[in-house]
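Engineer: Residue numbers (the numbering used here): 178 to 455.
Note that beta-carbon positions come from the ideal geometry of N, C-alpha and C, so glycine has one too.
Below are the structure tokens for one structure; questions will follow.
Laid out in structure tokens, this is it:
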């Protein structure tokens, strides 16, 4: 009797469809199914690019190279397989499908592997993927300050050739944070690396984020002397040049290409003409 049940179960699993090697597997998780003979089987269920869901007898029957990824299903945080390239690896997998997962920020560096813990169950319903780089990016962009608010002396409208124009710019303090991304804990560092001033006459200066340098009139050293009048108004531009990095705790830092935040000011420049009088 037992052998006939096993044979029926095998026949049931052989009926599961096999897509071609060209298919891309968005996610593969595990589900428990009862076959027509009442035998409960754990099978691999995959979402294929294009939307189709296909069942397989096991992970080994999926005709593609699969990599682990982290996500969240109906029960919470879990791990699953995908044909996309990921930076996660399985360190240990247990009989119940749960696993210890590591994060490899640089596969060329064998010493950079980070165990992210805790042990995660295998996803048992379709997962929503975790994306630490996207979570870090969203945090950084939610933090990045408004554009600079330059203080000009002489103020806009009163610029004069031959007279130093001072620019004062407040600089946000360096910022660091710890946040969660799925089962991973991330560290984020954000700072203004430099303040860039394009004076509007073809000259651009880059200043360190030093409150003394950018103190404005009369003590600051961020100054410029216009040599040619521009009654129509030069356009002065001030930018925060941001630097941001993130990493899974214990791993290597990865830079994020944060765009500069910019303020422009119309700055007409007049000319003082000296005259001799009787």
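#1: Return the chain-ordered list of same chain residues with a C-beta closer than 6 Å to the C-beta of residue 436, the five sequence neighbours on each side being excluded.
#2: Enumerated in chain order, which unbroken segments of the alpha helix (DSSP H) with a length of 4 residues or greater are wholly contained in the stretch 380-437?
#3: Which runs of the alpha helix (DSSP H), 4 residues or longer, sit entirely within the stretch 335-384?
#4: From 211, 227 and 257, pick the residue whose C-alpha is nearest to that of residue 204; which is it?
#5: Taking residue 232 as part of the alpha helix (DSSP H), name the residues at either end of that continuous run.
#6: Taking the alpha carbon of residue 247 as the point to measure from, which residue in 315, 375, 398 and 308 has its own alpha carbon closest?
#7: For the alpha helix (DSSP H) containing residue 320, list its first residue and its last residue.
#8: Where does residue 237 fall in DSSP's three states?
#9: Name the DSSP beta bridge partners of residue 247, please?
#10: Determine the extent of the beta strand (DSSP E) in which residue 271 is found, giving its start and end residues.
#11: Thinking C-beta only, is residue 383 closer than 7 Å to residue 399?
#12: Taking 7 Å as the cut-off, decide whether the C-beta atoms of residue 377 and residue 412 are in contact.
#13: If you count every other CB in all the chains shown that lies within 10 Å of the CB of residue 271, and 16 or more means buried, which is it?
#14: Among 335, 421 and 349, which one has its Cα closest to the Cα of residue 325?
#15: Around the Cβ of residue 214, are there at least 16 other Cβ atoms within 10 angstroms (buried) or fewer (exposed)?
#16: With a cut-off of 8 Å, do at least 3 Cβ pairs link the stretch 234-250 to the stretch 262-277?
Structural biologist: In short:
#1: none
#2: The stretch 380-437 contains no whole alpha helix (DSSP H) run of 4 or more residues.
#3: Counting only runs of 4 or more residues that sit fully inside the stretch 335-384, no alpha helix (DSSP H) segment turns up.
#4: 257
#5: Residue 232 -> not in any alpha helix (DSSP H); beta strand (DSSP E) instead, spanning 230-233.
#6: 308
#7: Where residue 320 is concerned, the enclosing alpha helix (DSSP H) stretches over 309-320.
#8: helix
#9: 256
#10: Unbroken run through residue 271: none, as it is neither H nor E.
#11: No, these two residues do not count as a Cβ contact at 7 Å.
#12: yes
#13: exposed
#14: 349
#15: exposed
#16: Because the criterion of three Cβ pairs below 8 Å is met, the stretch 234-250 and the stretch 262-277 touch.
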